[in-house]
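The sequence shown runs 428 to 564 under the working numbering.
The beta-carbon is built from N, C-alpha and C at its ideal position, and this holds for glycine as well.
The next block holds one structure in the form of structure tokens; read it before the comments.
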Amino acid sequence: MKGRCLTEGEISDRLRKADLRPTVQRVSVCRFVLCEADHPTAEAVKKWTDAHGLKLSLATVYNTLGALVKAGLLRELRMPHSDSVVYDDNMAHHHHFLDERTGRIEDLPADAVEVRPRLGGKFKVRDVSVLVRGERA
Ligand SMILES: [Zn+2]
């Protein structure tokens with residue numbers, strides 16, 4: 428569970444600002460992804476919507492998540508421990524910690540890891556994101 432949960436009205440506003448119509452499925456997927464979940468997979472989103480009485484097909488869940496990604500409310504991440512894409516609503520620059528025991532992914536603040544690529548003039552670096560792996564103490 429993350430900080431304060433958004434109200435349905437606040438979620439609808441965020442969708443409208445992103446030029447998305449606040450449909451029932453988008454609002455409920457957002458409620459989970461923006462308020463409760465931490466880097467969920469599409470399967471986890473479906474499980475949650477099923478449990479909350481909204482029977483969405485996995486295809487609809489993927490379409491809804493895809494629309495949210497396209498609108499810039501979420502981004503897709505691929506992690507080496509799993510074939511599934513996870514969805515991240517933290518759009519600020521940050522790194523990740525993968526707990527290899529539990530599979531849990533946590534955000535690390537951008538300044539928690541310092542990497543200075545020394546690549547000569549060959550590459551224009553736009554972004555460096557780091558996955559720190561280990562076990563949470
Ligand atoms: Zn993240």
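Look at residue i and residue j and say whether their C-beta atoms are less than 8 Å apart.
i	j	result
V460	L501	yes
C432	L442	no
L492	V513	no
S511	H479	no
E562	E533	no
Taking 7 Å as the cut-off, is the CB of residue i close to at least one heavy atom of ligand 1?
i	result
D574	This structure cannot settle anything about residue 574, because the visible part of the chain is limited to 428 through 564.
H520	no
D538	no
Leaving out the 5 sequence neighbours to the left and right, which residues in its chain are closer than 7 Å to residue i when beta-carbon positions are compared?
i	result
V557	H522, V540 and V542
If I'm right that residue i touches residue j with Cβ under 8 Å, what's the distance once you round it to whole angstroms?
i	j	result
L481	Q452	7 Å
A445	A519	Incorrect: roughly 17 Å between the Cβ atoms, too far for contact.
Are the C-beta atoms of residue i and some chain C residue less than 8 Å apart?
i	result
A564	Given the protein chain composition of this structure (a single chain), no chain C is represented.
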